[in-house]
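Report on one structure; see the data block that follows.
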Amino acid sequence: MADLPDSFLTRPIAHRALHDRSKHRIENSRAAVSAAIAAGYGIEIDLQLSADGEAMVFHDDTLDRLTPETGPVTQRSTAELTRIPLTDGGETIPRFAEILSQVAGRVPLLVEIKDQTGCLGPQTGALEARAAALLGAYQGPVALMSFNPHAVAALARAAPGRPRGLTTCRFTPEDWPGTDQARCDSLTEIADFDRVGACFISHHHTDLETDPVARLTARRVPLLCWTIRSRAEERAARRIAANITFESYSAAIDLAAPAPKS
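Residue numbers (the UniProt record's numbering): 1 to 262.
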């Protein structure tokens, strides 16, 4: 299992790339990726699966919020998705392959595999395998993560040489419909960490002072956090987390900043 590269602990990571709708840089867009590269930030992006098995860079399960279209992403073909405009952005939904070519190893790339089951269930594999295939001979710092431990286990099989982690928080059935209380409790405890071969977590920034997080940081497991939206939130998070995923402001880059003590 690969370790998380040090660059993920020193460069702030732009959430869904460095998006700013007022500047026509929509989240997970090529323009947002370009802006993050120019600023020297790491980049976090999200992957969804098209109907014909392509990895698309898009956050939501449905098209409604970010495009003029409606309905599930997974019901549209690659050809359809690549023609759908991003609202206010002047561009269309990108394929993962395009973003890999655009980043080209210049900054760290944190890739979140979005849950394809609707309930954090075990019916995984297609998106993970496609992402792994596209990463192939990709050179440069890259790491993969998911809220769904089954997806991380699938990544372990599809891309055993790539660092992988769990995206974590305080899980509740209200926030994760179809996931019962017992499973939410297990996810909150980050009980799957060793089983899926994770090497880091990215945890919700309001919930960093918990026993499950403390147990992992005591083991020197790298701790990222999401999603920071102000300098005040950043200062609070950095007392515990090694690095932040941020949006809505300009995070300072200090490549010499030490990781917090556990």
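Note that CB positions come from ideal geometry on N, CA and C, so glycine has one too. Here the structure is a predicted model, which is why all the values come from computation and not from measurement.
Ends of the alpha helix (DSSP H) at residue i?
| i | result |
| --- | --- |
| Phe96 | Phe96 to Val103 |
| Ala79 | Thr78 to Leu81 |
| Val152 | Pro149 to Ala158 |
Tell me the DSSP secondary structure of residue i in three-state form.
| i | result |
| --- | --- |
| Arg30 | helix |
| Leu47 | strand |
| Leu191 | At residue 191 the sequence reads Ala, which differs from the Leu that was named. Coil. |
| Asp20 | strand |
| Ala2 | coil |
| Ile37 | helix |
| Ala246 | The sequence shown places Phe at residue 246, not Ala. Here Phe246 sits in strand by DSSP. |
| Leu86 | coil |
| Thr74 | helix |
Which residue wins for smallest C-alpha separation from residue i, given the options the options?
| i | options | result |
| --- | --- | --- |
| Ser50 | Ile43, Gly42, Ala218 and His59 | His59 |
| Thr210 | Arg170, Leu127 and Ala236 | Arg170 |
| Ile13 | Ile240, Arg239, Arg229 and Ser101 | Arg229 |
| Thr168 | Pro122, Pro222 and Ala156 | Pro222 |
| Leu110 | His205, Thr78 and Ala36 | Ala36 |
| Ala185 | His24, Pro212, Ala129 and Ala151 | For the sequence presented, residue 185 should be read as Asp rather than Ala. Among His24, Pro212, Ala129 and Ala151, the Cα nearest to that of Asp185 belongs to Pro212. |
| Asp192 | Arg162, Thr206, Asp88 and Ala156 | Ala156 |
| Asp115 | Pro177, Arg21, Gly136 and Glu69 | Pro177 |
| Pro214 | Arg231, Ala151 and Thr188 | Correcting the residue type first, residue 214 is Ala in the shown sequence and not Pro. When only C-alpha atoms are compared, the closest one is Thr188. |
| Gly105 | Ser7, Thr179 and Arg219 | Ser7 |
| Thr245 | Asp88, Trp226 and Ala32 | Trp226 |
| Ile43 | His204, Leu66, Ala154 and Leu144 | Leu144 |
| Gln181 | Pro160, Cys119, Gly136 and Ala129 | Cys119 |
| Arg16 | Ala154, Ile45 and Thr74 | Ile45 |
| Tyr249 | Leu4, Asp3, Met1 and Arg21 | Arg21 |
| Arg130 | Asp52, Thr92, Asp61 and Gln139 | Asp52 |
| Asp194 | Ser202, Ala126 and Leu216 | Leu216 |
| Ile26 | Thr87, Ala132 and Glu112 | Thr87 |
| Arg162 | Arg239, Asn28 and Phe200 | Phe200 |
| Ala2 | Pro141, Leu81 and Thr179 | Pro141 |
| Pro122 | Thr179, Gly165, Pro173 and Glu80 | Thr179 |
I'd like the span of the beta strand (DSSP E) that includes residue i, first residue to last.
| i | result |
| --- | --- |
| His203 | Phe200 to His204 |
| Glu234 | Careful: Glu234 lies outside any beta strand (DSSP E), inside the alpha helix (DSSP H) at Arg231 to Arg238. |
| Thr167 | Arg164 to Thr168 |
| Val111 | Leu109 to Ile113 |
| Thr217 | No beta strand (DSSP E) contains Thr217, which is instead part of the alpha helix (DSSP H) from Asp211 to Ala218. |
In chain order, what residues of the same chain lie with their CB nearer than 6 Å to the CB of residue i, ignoring the 5 residues before and after it?
| i | result |
| --- | --- |
| Pro94 | Arg30 and Val57 |
| Thr124 | His150, Ala151 and Ala154 |
| Ala251 | Pro12 |
Apart from the five residues on each side of it in sequence, which residues of its chain come closer than 7 Å, Cβ to Cβ, to residue i?
| i | result |
| --- | --- |
| Leu134 | Ala55, Phe96, Ala97 and Leu100 |
| Ala237 | His205, Leu208, Cys225, Ile228 and Ile244 |
| Leu63 | Glu69, Thr70, Gly71, Val73 and Ile84 |
Answer with buried or exposed for residue i, where buried requires no fewer than 16 other C-beta atoms within 10 angstroms of its C-beta.
| i | result |
| --- | --- |
| Asp175 | exposed |
| Gly89 | buried |
| Ala159 | buried |
| Thr67 | buried |
| Gly136 | exposed |
| Arg220 | exposed |
| Arg164 | buried |
For residue i, which residues from the same chain have a beta carbon less than 8 Å from its beta carbon, with the 5 sequence-adjacent residues on both sides left out?
| i | result |
| --- | --- |
| Arg11 | Gly40, Tyr41, Gly42, Val107, Pro108, Asn243, Ile253 and Leu255 |
| Ala138 | The displayed chain sequence assigns Tyr, not Ala, to residue 138. So the qualifying residues of the chain are Leu100 and Gly105. |
| Pro258 | In this prediction, Pro258 has a pLDDT of 49, which is less than 50 and means its spatial position is unreliable; what the coordinates show is noted afterwards. There are no such residues. |
| His24 | Ala31, Asp88, Gly89 and Gly90 |
| Glu233 | His205 |
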